[in-house]
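The UniProt record's numbering puts the first residue of the sequence shown at 1, with every later residue one more than the last. Think of the CB as a built atom: it goes at the ideal place given N, C-alpha and C, for glycine as much as any other residue. Have a look at the structure below before the remarks.
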Amino acid sequence: MTASDAARRAAADRAWAELRPQLAAEAQAALGEEVDAFLARAELALFDVHEPLAVLYDEPDALMATAFRIVLAAAADRPAALRRLDRRREIDPGWFQRSRMQGYVCYVDHFCGTLDRLPEHLDYLAELGTTYLHLMPLLRPREGENDGGYAVADYRAVDPRLGTMADLERVAGALHERDMSLCIDLVLNHTAREHPWAQAWLAGDPAYAGFYSAFPDRQVPDAYDATIPEVFPDRAPGSFSWVPEACGGAGGWVWTTFWPYQWDLDYTNPAVTLAMLGEIVWLANRGVDVFRMDAVPFMGKRLGTTCQNQPEVHTLLQLLHALTRVAAPGVVFKAEAIVAPDDLVPYLGGHERYRPECELAYHNSLMVLLWSSLATQDARLARHALGRMRPIPPTTTWVTYVRGHDDIGWAVTDEDAAAIGVGGHSHRRFLNDFFAGHYPASSARGALFQENALTGDARISGSAASLCGIEDALERGDDAALEAGIRRLVLLYSVAFAWGGIPLLYMGDEIALLNDDRYLADPSRAPDNRWMHRPVMDWAAAQRRTDPTTLEGRVFGRIRQLGEVRRSQLALHGGAESTVFDAGSDAVLAWRRRSARSGTFVGLANFSATPQVVDADTVTGFGAFAPVLTSDGPPEVAGGRLVVPGLGFAWLAE
Ligand code: OTU
């Protein structure tokens with residue numbers, strides 16, 4: 001511990017000693033017999049609250065007192081059923097790391113219309129093995145264009161087109177009854193410009209002064225824009241938007257990292273942080289178990305940087321995390337940080353020194369590398385890049401996925417590409433061309449997203465099935481190509497399900513839903529081709545899932561099986577790390593999970609179309625391994641060699 005650490009701790013202790021008697025009296029009155037547990041949690045969180053406040057803001061003592069009162073009020077309002085869940089999770093803090101955890105992600109309207117209809121579909125989700133349901137943005141967005149709900153006008157109301165907050169609470173209750181958990185998005189980098197905070201700020205209400213930032217001329221915006229990469233260069237270049245009513249009516253450039261109607265909150269203002277805390281704990285009390293912390297890399301801005309992954313972002317998340325869990329200890333955070341591998345791991349609490357931050361983070365690197373491996377039929381880049389990722393804290397875990405609602409951005413660093421002898425830029429270019437189907441040899445049916453003529457950068461849209469060649473094969477009526485497409489899709493999911501962590505199944509992938517062009521008819525969606533891979537659930541197709549002669553049956557059956565076998569594998573508990581190794585074939589991604597209590601698990605995924613021979617002893621470490629699941633029946637083992645079929649996989653366990 002350094003001298004300044006000791007000084008910070010002493011400062012926190014002093015602040016706590018001063019606050020505690022009064023807080024204890026208030027907690028006693030508000031919580032009755034739960035007072036001790038609350039105070040114990042607050043005291044445990046002390047350093048994780050006071051120090052971030054001291055780092056970020058002036059007057060940390062007063063802010064801590066206010067923050068603890070916000071979470072005390074939330075603790076007092078917390079419904080009894082959720083308190084029982086909290087108690088279970090305090091006993092079993094690794095509840096989200098179990099191999100039984102399996103996610104499903106959907107838009108309420110596209111899946112079942114409205115929230116009140118959702119409980120009718122829980123049997124379907126259970127059939128797949130779902131224990132974790134992520135409902136895409138459902139809080140009341142602005143009218144008109146709203147970035148798929150990521151422009152929130154009211155954090156305490158549900159989009160009336162989907163139902164009410166009472167409906168959401170009922171959904172949470174129905175999920176909890178089945179031991180399933182609920183995840184929703186928390187869009188905390190920005191609000192819609194229509195949000196009452198934004199409107200009050202614009203009107204000059206002193207209570208909302210400094211909630212957002214605006215600049216009277218281009219001087220400061222230009223200085224920042226010089227180093228900030230653009231997220232949506234085609235229709236929202238730069239990170240600022242001109243708002244005539246800003247700056248006291250004189251007009252100003254408001255900070256808008258994303259679309260012009262999404263105004264970035266200014267977290268250098270502690271009132272913003274406390275206001276957002278109030279929204280988080282309020283939503284937690286509606287039954288939310290996991291918050292997907294949207295676009296967190298952008299929350300802290302520093303001149304001359306990319307304005308992503310700044311140290312303040314981590315400090316802020318640590319602060320919000322610690323406070324949320326004083327009110328709702330069963331609630332966990334999931335970081336949505338779609339950034340390079342070195343920047344990603346710190347969201348799990350490894351920034352500078354360990355402090356709890358998010359329990360979960362999207363394994364964006366794995367997702368990108370899976371698609372890259374598929375395109376090149378070569379796993380070397382994946383092996384290299386995954387192999388050099390820093391380990392994550394054992395109290396956290398990944399969320400693994402193949403496809404989500406966003407575009408795929410090729411977060412492959414130049415260094416990693418160079419390590420296997422390819423150029424970063426040309427490889428990313430190749431991946432775009434490959435998945436956009438620009439090569440005759442590619443059966444992928446994606447589309448470029450946000451092509452930047454200036455830099456040559458682009459990202460990829462398209463449903464997993466279409467990117468895997470299923471759409472192309474169906475159109476050409478080519479059965480062999482269809483089987484290959486299915487094998488690709490299942491192969492990718494076989495890695496996501498066995499990497500360790502919570503695998504997410506993106507709605508429709510289980511029945512190979514293709515690109516959906518209906519969004520083109522909606523003018524508020526037409527310019528954003530990410531909607532092509534946000535299809536409407538095809539329940540008639542889902543009906544065919546039990547018929548193994550149909551496309552749906554072939555995919556659904558295999559994906560369901562991945563979950564079933566996964567649940568039986570203790571080594572897939574999220575607390576252990578996966579280590580990649582070279583099994584003797586460039587086309588095969590091989591990884592091993594070891595945990596003291598559960599023995600070793602090995603996963604093999606062959607990204608090439610031809611069978612690959614791997615060295616059995618390297619794979620098993622001379623141990624006695626048995627296949628627990630394979631793509632094509634018992635694996636061929638002869639003379640110390642093991643054959644992984646083309647586009648096939650094998651899961652082995654000790
Ligand atoms: C997120 O994505 C959401 O997933 C998107 O659907 C939203 O449009 C966006 O935020 C704004 O709310 O840049 O291209 O590092 O990559 O937050 C998508 C994180 C995005 C960003 C990610 C962002």
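Inset, instruction - With distances taken Cα to Cα, identify the nearest neighbour of W95 among L647, G485, A638, E359. - result: By 1-based counting over the sequence shown, the position of residue 95 is 95. For the residues L647, G485, A638, E359, the minimum Cα distance to W95 belongs to E359.
Legend entry - 3 or more residues per run - each beta strand (DSSP E) lying fully within the segment 563-612: 578-581, 588-595, 599-606
Legend entry - Touch test, the segment 277-293 against the segment 308-315, Cβ-Cβ under 8 Å, three pairs minimum: no
Legend entry - Residues sharing a beta bridge with Y132, DSSP: Start at 1 with the first residue of the sequence shown, and residue 132 comes out as number 132. Answer by DSSP bridge pairing, in chain order: G103, S181.
Legend entry - Contact the segment 170-190 vs the segment 121-136: 3+ CB pairs below 8 Å: yes
Inset, instruction - For the beta strand (DSSP E) holding P244, just list the boundary residues, first then last. - result: As a first step, residue 244 is located in the sequence shown; it is residue number 244 there, counting from the start. That residue, P244, is in no beta strand (DSSP E); it is neither H nor E in DSSP.
Inset, instruction - Please go through the same chain and pick out, in chain order, the residues whose beta-carbon is closer than 7 Å to the beta-carbon of G493, but skip the five residues on each side of it. - result: As a first step, residue 493 must be located in the sequence shown, where it is residue number 493. Before going further, note that residue 493 is Tyr rather than Gly in the sequence given. Excluding residues within five positions, the ones whose Cβ falls inside 7 Å are V402, I559, L562.
Legend entry - For E357, the nearest candidate out of A12, T400, D48, F430 (CA to CA): Numbered from 1 along the sequence shown, position 357 holds the residue referred to as residue 357. For the set A12, T400, D48, F430, the Cα lying nearest the Cα of E357 is the one of D48.
Legend entry - Start-to-end residues for the alpha helix (DSSP H) that takes in M389: Locating residue 389 in the sequence shown gives position 389, counting from the first residue. Neither: M389 is in no alpha helix (DSSP H) and is coded neither H nor E.
Inset, instruction - Label W398 either buried or exposed according to how many other C-beta atoms from any shown protein chain fall within 10 Å of its C-beta, with 16 as the threshold for buried. - result: Within the sequence shown, residue 398 is the residue found at index 398, counting from 1. So W398 counts as buried.
Legend entry - When R9, V580, F556 are compared against M389, the one with the closest alpha-carbon: Taking the first residue of the sequence shown as 1, we reach residue 389 at position 389. Closest option to M389, Cα to Cα, is V580.
Legend entry - Meets three-Cβ-pair contact criterion under 8 Å: the segment 79-94 and the segment 54-66: no
Inset, instruction - Starting from S461, follow the beta strand (DSSP E) in both directions and report where the run begins and ends. - result: If you number the sequence shown from 1, residue 461 lands on position 461. S461 -> beta strand (DSSP E) spans 459-461.
Inset, instruction - Go to V644, then tell me how far its beta strand (DSSP E) extends in each direction, as first and last residue. - result: Indexing the sequence shown from 1 puts residue 644 at position 644. Segment 641-644, the beta strand (DSSP E) holding V644.
Legend entry - R156, DSSP secondary structure in three states: Within the sequence shown, numbered from 1, the residue matching residue 156 stands at position 156. In the structure shown, R156 sits in a strand (DSSP, three-state: E or B).
Inset, instruction - Sort A335, G424, I392 by Cα distance to D185 and report the nearest one. - result: Here residue 185 refers to the residue found at position 185 of the sequence shown. Ranking A335, G424, I392 by Cα distance to D185 puts A335 first.
Inset, instruction - Compute the minimum distance between the beta carbon of D406 and the heavy atoms of the ligand FAD, and state whether it is under 6 Å. - result: In terms of ligand content, the structure shown lacks the ligand FAD and carries the ligand OTU instead.
Inset, instruction - Determine the extent of the beta strand (DSSP E) in which F649 is found, giving its start and end residues. - result: Looking up residue 649 in the sequence shown gives position 649. Start and end: 649-653.
Inset, instruction - Please work out which residues of its chain come closer than 7 Å, Cβ to Cβ, to L175, disregarding the five sequence neighbours upstream and downstream, and give them in chain order. - result: Numbered from 1 along the sequence shown, position 175 holds the residue referred to as residue 175. Taken in chain order, the residues that qualify are L133, S181, L182.
Inset, instruction - Return yes when at least one heavy atom of the ligand OTU lies under 6 Å from the C-beta of Y124, else no. - result: For the purposes of this step, residue 124 is taken as the residue at position 124 of the sequence shown. No, the Cβ of Y124 stays beyond 6 Å of every heavy atom of the ligand OTU.
Legend entry - CB-CB length for A583 against V628, believed under 8 Å: The sequence position of residue 583 within the sequence shown is 583, counting from 1. The sequence position of residue 628 within the sequence shown is 628, counting from 1. At roughly 17 Å, the Cβ-Cβ gap does not stay under 8 Å, so A583 and V628 are not in contact.
Inset, instruction - Could you spell out where the beta strand (DSSP E) holding L504 opens and where it closes? - result: Translated into positions along the sequence shown, residue 504 becomes position 504. First-last of the beta strand (DSSP E) with L504: 502-506.
Inset, instruction - Would you check whether the ligand OTU has a heavy atom nearer than 6 Å to the C-beta of D159? - result: Sequence index remark: in the sequence shown, residue 159 carries index 159 (1-based). Answer for D159: no, Cβ out of range of the ligand OTU.
Inset, instruction - Flag A447 as yes when its Cβ comes closer than 6 Å to any non-hydrogen atom of the ligand OTU, and as no otherwise. - result: Within the sequence shown, residue 447 is the residue found at index 447, counting from 1. No - the ligand OTU has no heavy atom lying nearer than 6 Å to the Cβ of A447.
Inset, instruction - Just the C-alpha distance for L491 and T257, rounded to the nearest angstrom, thanks. - result: By 1-based counting over the sequence shown, the position of residue 491 is 491. By 1-based counting over the sequence shown, the position of residue 257 is 257. If you take the alpha carbons of L491 and T257, they lie about 36 Å apart.
Inset, instruction - Using the Cα positions of S524 and E145, report the straight-line distance between them to the nearest angstrom. - result: Numbered from its first residue, the sequence shown carries residue 524 at position 524. Numbered from its first residue, the sequence shown carries residue 145 at position 145. One C-alpha to the other measures close to 5 Å.
Inset, instruction - State whether the segment 506-526 contacts the segment 85-101, with contact taken as three or more CB pairs (one from each stretch) at a distance under 8 Å. - result: With a cut-off of 8 Å on Cβ pairs, the segment 506-526 is not in contact with the segment 85-101, counting fewer than three such pairs.
Inset, instruction - Taking 7 Å as the cut-off, decide whether the C-beta atoms of P535 and L513 are in contact. - result: If you number the sequence shown from 1, residue 535 lands on position 535. If you number the sequence shown from 1, residue 513 lands on position 513. Yes, the pair counts as a contact, with Cβ atoms nearer than the cut-off.
Legend entry - For F430, the residue or residues it bridges with in DSSP: The sequence position of residue 430 within the sequence shown is 430, counting from 1. For F430, which the question treats as bridged, DSSP gives no partner whatsoever.
Inset, instruction - Using a Cβ-Cβ cut-off of 7 Å, state whether E127 counts as contacting chain C. - result: The question asks about chain C, but that chain is absent: this structure has only one protein chain.
Legend entry - R140: first and last residue of the uninterrupted alpha helix (DSSP H) it sits in: Residue mapping note: residue 140 aligns to position 140 of the sequence shown, counting from 1. Run containing R140: none in the alpha helix (DSSP H); it sits in the beta strand (DSSP E), 139-141.
Inset, instruction - Spell out the partners DSSP gives I70 in its beta bridges. - result: Your numbering for residue 70 matches position 70 in the sequence shown. In DSSP, I70 forms no bridge with anything.
Inset, instruction - Given a cut-off of 7 Å, decide if F333 and M299 are closer than it, judged by their beta-carbon atoms. - result: Residue 299 sits at position 299 when you count from the first residue of the sequence shown. Residue 333 sits at position 333 when you count from the first residue of the sequence shown. Cβ distance not < 7 Å, so M299 and F333 don't count as in contact.
Inset, instruction - Find the nearest neighbour of V495 within the set L589, C247, D617, judged by alpha-carbon distance. - result: Along the sequence shown, one-based indexing puts residue 495 at 495. It is L589.
Legend entry - Inter-residue spacing [alpha-carbon to alpha-carbon] between A327 and A73: Mapped onto the sequence shown, residue 327 falls at position 327. Mapped onto the sequence shown, residue 73 falls at position 73. For A327 and A73, the distance between alpha carbons rounds to 8 Å.
Inset, instruction - With Q262 as the anchor, note down where its beta strand (DSSP E) starts and where it stops. - result: Start at 1 with the first residue of the sequence shown, and residue 262 comes out as number 262. Q262 -> beta strand (DSSP E) spans 262-264.
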